[in-house]
Amino acid sequence: MSAPPPPVLEARGLVRSFGGVRAVDGVSLAVRAGELLALIGPNGAGKTTCFHLIGGQLRPEAGTVRLAGRDITGLPPPRIFRAGVGRTFQITATFGSMTVRENVQMALLSHAQRLFGLWRPARRQMRAEAEALLARVGMAEQAERASGVLAYGDLKRLELAIALAGRPRLLLMDEPTAGMAAAERRALMALVARLARESGLAVLFTEHDMDVVFGHADRVLVLDRGRVLAEGTPEAVRADPRVRAAYLGGVAA
Amino acid sequence: MDALILQALNGLASASSLFLVASGLTVIFGVSRIVNFAHGSLYMLGAYLGWTLVTRFAGGGAPGPLGFWGGVLLAALAVGLIGVAIEVLLLRRLYRAPELFPLLATFGVVLIVQDLALWAWGPQDLLGPRAPGLHGAVELPLLGLRFPRYELFLIALGPVVLGLLWLLFRRTRFGLLIRAATEDREMVGALGVDQRALFTGVFFLGAVLAGLAGALQLPRESVNLHMDLAVIVEAFVVVVVGGLGSLGGAFLAALLIGELHAFGILVFPRITLVLVFLVMAVVLVLRPHGLAGAAPAAVPPGAPGAAEPVIRPAPLALRRFALAVFALACALPSVLGDYALSVFADFAVFVLFAMSLHLLMGPGGMASFGHAAYFGIGAYAAALLAHHLAAPMAAGIALAPLAAGLAGLAFGWFCVRLSGVYAAMLTLAFAQIAWSVAFQWVEVTGGDNGILGVWPDAWARDRRVFAWLALALSAGGTLLLLRAIHAPFGYALRALRDSAPRAAAIGIPALTVRWLAFAFAAGLAGLAGALFAYGKGSVFPTLLAIPRSVDALLMVLLGGVRTVTGPIWGALAYAGLSEQLVRATDHWRLLLGLAIVALVLFFPEGLAGAARRWWEARESDGRR
Ligand SMILES: Nc1ncnc2c1ncn2[C@@H]1O[C@H](COP(=O)(O)OP(=O)(O)OP(=O)(O)O)[C@@H](O)[C@H]1O
Ligand SMILES: [Mg+2]
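Protein chains in written order, with UniProt numbering: chain E, 1 to 253; chain D, 1 to 624.
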């Protein structure tokens with residue numbers, strides 16, 4: 001009998017402070033292949049900082065990050081991308097001087113290690129793949145628009161397509177459905193859940209909308225002032241009195 | 001020993017003067033974020049006005065009714081008012097423009113002031129009066145050395161001014177506001193302060209300091225028309241080494257640079273010019289924000305109104321137009337005369353030079369104030385090969401881009417690690433180092449006399465053939481650049497400019513991409529330089545000097561930095577304009593300066609940008 005494979009993402013004891021205040025204070029978490037883990041907590045709880053620590057945007061002061069058993073702690077973002085992590089940002093970040101399709105092509109070209117071409121036009125390369133990804137997230141009709149003029153919800157969708165272009169094993173989504181209508185939220189999360197189930201993608205996401213959290217997450221981790229307050233199935237977390245007191249209040253009751 | 005002490009004291013005196021100029025520059029930068037190239041002109045005006053006020057308001061050359069000190073103070077105040085005029089009439093309109101525009105506008109002011117000063121005071125050096133009461137030398141206690149009184153006065157003045165500024169900043173409301181604005185511009189707006197008045201006040205203060213420094217030079221050295229650029233470059237070095245916006249840093253840096261000059265002359269008389277820039281480069285590499293500077297608050301990429309346009313393939317009409325222009329250019333040499341043929345070759349060279357800079361400034365989002373370095377290195381590579389090895393032109397043209405590209409790799413490695421003004425200043429520092437080498441390494445480069453007799457091979461010596469050759473190489477290089485901009489490499493550059501976090505998160509290695517772009521642009525600038533050398537038959541250190549770097553910047557901005565092919569039109573228009581101006585009038589500086597100011601104020605998108613807007617408006621009308 002062989003040991004079970006390591007989780008896709010395993011973070012242990014992550015610490016990061018800003019000006020003496022510990023924004024993330026000893027957070028440990030694990031996400032398995034095919035699993036959706038929701039990270040929730042009030043504003044300023046440290047969710048985005050956790051994402052930055054895992055994605056390489058910030059260096060942890062203590063703790064380790066492992067991707068499928070491999071230590072990736074403190075690597076710069078490009079190397080973490082190559083290790084198989086795709087992410088979206090809470091404050092959306094796309095290339096405003098490119099069309100929606102070119103944004104995705106850019107990620108595809110980078111993944112294919114074709115960034116240094118000097119002759120063949122980029123816009124003619126990996127076009128079909130980019131369009132397939134855009135169709136998946138429902139952005140096919142907007143492929144020719146400048147990404148700088150998109151509505152907020154559409155930017156979030158584009159970011160998801162960009163993140164998926166690197167064929168990640170782990171997807172980090174910081175508030176992926178902000179700015180969308182309820183029906184769009186459900187559709188987007190259903191897509192992500194399907195991807196996780198079909199291709200074994202591990203997903204870590206944050207969300208303020210409790211319907212999204214309790215409707216799609218396999219497990220929920222509650223963060224408060226940088227510490228893990230509770231962790232478990234949606235039902236268990238929802239029932240946890242500490243969580244209700246600290247955070248959920250009347251929202252999800 | 002005595003000589004060393006005297007030299008150290010001399011260094012301190014220079015440091016004080018330098019600090020006076022640099023303090024104004026750094027205060028202005030701290031509050032307004034404007035890199036004021038015209039600060040050196042204010043200094044020069046201080047000297048000229050001081051000379052007039054001290055010597056002319058009396059008969060017979062004796063000090064006038066104001067006396068020396070009255071004249072100096074009045075000159076400083078007058079320069080303060082000139083600074084206010086520059087701020088109110090020009091810079092005030094540019095606070096929201098991209099960083100480079102105010103800088104170029106102030107360079108326009110430099111040109112204007114140069115011509116006005118020439119007109120008002122003539123080309124000859126003016127000898128300044130002595131300072132009453134501070135003639136001659138004194139015996140220094142303890143040391144038993146004699147040292148000029150006036151220099152001692154200057155040594156004391158630096159710390160006194162620093163102390164007064166410190167008091168001003170700590171003890172007055174005006175000073176509090178200046179500090180607040182330096183640390184956080186938005187906050188001042190929130191405090192309900194009249195920002196305009198604050199900025200104008202800061203310009204007044206900075207200009208007074210510059211004018212005072214200039215007027216105080218009168219007893220030390222003669223007044224001339226080269227004071228402005230000489231001092232501004234050093235003042236920049238001081239401000240950047242000290243850390244932009246930091247007074248204490250500027251003081252430290254002024255001491256460092258002053259002493260470096262004093263002892264550099266003793267120890268390395270051959271490389272004094274290089275030394276200063278070498279120190280600046282080392283400081284910036286070790287401390288990317290200067291000795292005492294803080295990392296600037298992150299400016300959100302593409303701040304107010306700076307959404308970069310999408311680059312799309314050129315519409316068919318534009319391609320046809322470009323082809324037609326190119327066909328015309330190919331046909332033109334057959335009908336041109338000798339003089340026109342050499343102008344034609346120059347234009348081809350400038351197009352490639354401007355396009356190579358544009359790769360960095362447009363898609364790359366990096367400012368280079370020292371692109372002439374690579375142009376000049378290419379030119380010198382070709383000239384040295386021809387002069388010392390009698391190499392054929394083909395070798396020169398092949399190796400020049402290589403040499404410039406290697407220099408780009410070496411310098412660029414450092415430059416791409418900095419950002420904004422610091423990066424731009426480092427490019428300037430490297431260009432000045434390259435210039436000093438060309439200027440001071442006389443055995444190899446011929447120094448100021450340059451290298452003559454760099455002629456093309458026999459087959460290309462005919463002006464017509466050479467014009468075609470220049471056109472072919474320029475067009476080839478330009479095509480390479482255009483392909484690169486549309487290829488994944490250019491997209492990666494643009495991605496880094498648009499959103500650094502996103503680019504990193506999809507695996508784009510920022511430093512590598514920028515570094516290679518820097519070297520690529522340098523290599524093509526080197527090709528342009530080599531062509532220029534063969535076209536002129538000679539090379540001189542001015543090929544690497546600051547004005548040539550500014551030429552390239554102007555061509556790019558005139559054409560439109562946010563367009564793809566704009567710099568081609570910018571290079572043609574700018575080269576054509578300055579060519580005409582130089583031929584038609586003695587006041588070409590004045591006119592060019594006014595043209596630059598007008599361009600920045602009324603035409604910020606450049607020629608191609610304006611043409612695109614016109615075209616898009618027409619298209620959307622057509623669709624309606
Ligand atoms: N770069 C930074 N510098 C200083 N403080 C920071 C920085 N980034 C985050 N913080 C602080 O760290 C704490 C955690 O912030 P974080 O953005 O991780 O919260 P969050 O849970 O994502 O909040 P939200 O739900 O509002 O997105 C906050 O107090 C925040 O002010
Ligand atoms: Mg957040």
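We put the beta carbon where it would ideally sit given N, CA and C, even for glycine. None of the values given here were measured: they were computed from a predicted structure.
At a C-beta separation below 8 Å, D/H486 has these neighbours in chain E: P121, A122 and R123. Within the region 449-483 of chain D, the residues whose Cβ lies closer than 7 Å to some Cβ of chain E are R483, listed in chain order. The beta-carbon of D/G609 is placed no less than 8 Å from the nearest beta-carbon of chain E. With a cutoff of 8 Å on beta-carbon distance, E/F205 and D/A505 are scored as not near each other. Taking 9 Å as the upper bound on Cβ-Cβ separation, chain E lies near no residue of the region 209-222 of chain D. Taking a contact as a CB-CB distance under 8 Å, the pair D/A250 and D/T542 does not count as one, their CB atoms being some 30 Å apart. DSSP, reduced to helix, strand and coil, places E/D224 within a strand of the structure shown. The C-alpha of E/Q113 is placed about 21 Å away from the C-alpha of E/A93. Following the DSSP letters along the chain, one finds E/S17 inside the beta strand (DSSP E) bounded by residues L9 to F18.
Contact annotation: in the region 108-120 of chain E, residues whose CB is within less than 8 Å of a CB in chain D are L109, S110, H111, R114, L115, F116, G117, L118, W119 and R120.
Within the chosen limit of 7 Å, ligand 1 reaches the beta carbon of E/F18 through at least one heavy atom. Note: E/T73 is not bridge-paired with any residue in the DSSP secondary-structure output. In the DSSP secondary-structure assignment, E/D174 is bridged to E/T206. When 8 Å is used as the limit between beta carbons, D/S499 is near these residues of chain E: A93, T94, F95 and G96, in chain order. The contact set of D/P98 on chain E, defined by CB atoms closer than 8 Å, is empty, because the minimum CB distance reaches about 14 Å.
Taking 8 Å as the cut-off, the Cβ atoms of E/S97 and D/E151 do not count as close.
The nearest non-hydrogen atom of ligand 2 is less than 7 Å from the C-beta of E/K47.
Excluding the 5 residues flanking it on each side, E/R185 has same chain C-beta neighbours closer than 8 Å at T177, D209, D211 and V212, in chain order.
Among the residues of chain D, none has a CB under 8 Å from the CB of E/T64; the nearest is roughly 21 Å distant. Beta-bridge pairing by DSSP links E/D25 to E/V15. If the five residues before and after D/L12 are omitted, its C-beta is found closer than 7 Å to the C-beta atoms of I155 and G258, all from its own chain and listed in chain order. For E/Q90, the Cβ falls inside the 7 Å cut-off from some heavy atom of ligand 1. For the 8 Å CB-CB criterion, D/L20 and D/A292 do not form a contact.
Using a Cβ distance threshold of 8 Å, D/G477 and D/G376 do not count as a contacting pair. The closest heavy atom of ligand 2 lies less than 7 Å from the beta carbon of E/D174. Under the Cβ distance rule, E/A146 counts among the residues neighbouring chain D, one pair being separated by less than 8 Å. With contact defined as three or more Cβ pairs closer than 8 Å, the region 403-411 of chain D and the region 513-520 of chain D are in contact. Under the Cβ criterion of 8 Å, E/M173 is not counted among the residues facing chain D.
Chain D places a beta carbon closer than 8 Å to that of E/G55, counting this residue as a contact. Here the region 38-51 of chain E makes contact with the region 211-225 of chain E; the two share three or more CB pairs at distances below 8 Å. Distance from E/D224 to E/A239 at the Cβ level is roughly 17 Å; contact not present, criterion being Cβ atoms closer than 8 Å.
E/G226 has its alpha-carbon roughly 12 Å from the corresponding atom of E/F18. Taking the Cβ of E/A11 as the reference point, every heavy atom of ligand 1 lies at 7 Å or farther away.
Contacts with chain E at 8 Å (Cβ-Cβ) include D/A504.
Under DSSP, D/I568 takes part in no beta bridge, so it has no partner.
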